[in-house]
Amino acid sequence: MAQVVATAETTLKANPERVLEALADYTGVRSRMLTEHFSEYDVREGGQGAGTVVHWKLAATSKRVRDCLFSVSAPDANTLVEKDANSSMVTTWTVSPAGEGARVQVRTAWDGAGGVGGFFERTFAPKGLRSIYDAQLAKLGTELGA
């Protein structure tokens, strides 16, 4: 099994601390960043940063739906890590200063399938997920007025 990785990033005209606070707000901002690819969004514990447990279903395609149950940690002051209890999927959100704004990076990795199915997963899944993340990052920018 090879690891599959999807990444996206943007630079926002907002204070990095404000951006990270918004990303950590699972009961507010994060719920408003969802695209049509997400359903059954439910904050099960916490709601603000580390210690949050959040559920959603992600429909990357009409045939591929992941049932996700993420536990959130904050290993440092610039990072949120979401680990899925239902798979090997880990999503890391990193915010860093960029001029007068903030650079936001999102990286998701998981153990992909083997064989021909794995080839197609490694080829197409990152592009699809990047498109979803680009839309979420645009919504984050709108949310922050950045």
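According to our numbering, the sequence shown is numbered sequentially starting from 571.
Ideal placement from N, C-alpha and C gives every residue a C-beta, glycine not left out.
Can you have a look at residue i and say buried or exposed, based on whether 16 or more other CB atoms are within 10 angstroms of its CB?
{"i": "A592", "result": "buried"}
{"i": "Q573", "result": "exposed"}
{"i": "T631", "result": "exposed"}
{"i": "A655", "result": "exposed"}
{"i": "E652", "result": "buried"}
{"i": "A584", "result": "buried"}
{"i": "R614", "result": "exposed"}
{"i": "A708", "result": "exposed"}
{"i": "A647", "result": "exposed"}
{"i": "A576", "result": "buried"}
{"i": "R602", "result": "exposed"}
{"i": "R600", "result": "buried"}
Nearest to residue i by alpha carbon, out of the options?
{"i": "T649", "options": "V665, H607, Y596", "result": "V665"}
{"i": "L639", "options": "V623, D646, V651", "result": "V623"}
{"i": "L590", "options": "D704, W663, L699", "result": "W663"}
{"i": "E579", "options": "D646, A620, T678, A695", "result": "T678"}
{"i": "K627", "options": "V642, K633, E610", "result": "E610"}
{"i": "H607", "options": "E587, E713, L699", "result": "L699"}
{"i": "A668", "options": "P586, A576, V575, T577", "result": "P586"}
My understanding is that residue i touches residue j, with C-beta atoms under 8 Å, so please give their C-beta distance in whole angstroms.
{"i": "V674", "j": "T661", "result": "Incorrect: roughly 13 Å between the Cβ atoms, too far for contact."}
{"i": "S701", "j": "W680", "result": "Wrong, their Cβ atoms sit about 17 Å apart, outside the cutoff."}
{"i": "A716", "j": "L582", "result": "4 Å"}
{"i": "A644", "j": "A672", "result": "Contact flag wrong, Cβ pair sits at about 16 Å."}
Just to confirm the assignment, what range does the alpha helix (DSSP H) spanning residue i have?
{"i": "E587", "result": "586-593"}
Bridge partners of residue i, per DSSP?
{"i": "R673", "result": "T581, S666"}
{"i": "Q618", "result": "D595"}
{"i": "A679", "result": "V575, V660"}
Quick check on the DSSP output: the beta strand (DSSP E) that includes residue i runs from which residue to which?
{"i": "R600", "result": "That residue, R600, is in no beta strand (DSSP E); its alpha helix (DSSP H) goes 599-602."}
{"i": "R614", "result": "608-615"}
{"i": "A629", "result": "623-629"}
{"i": "R636", "result": "635-646"}
{"i": "T605", "result": "That residue, T605, is in no beta strand (DSSP E); it is neither H nor E in DSSP."}
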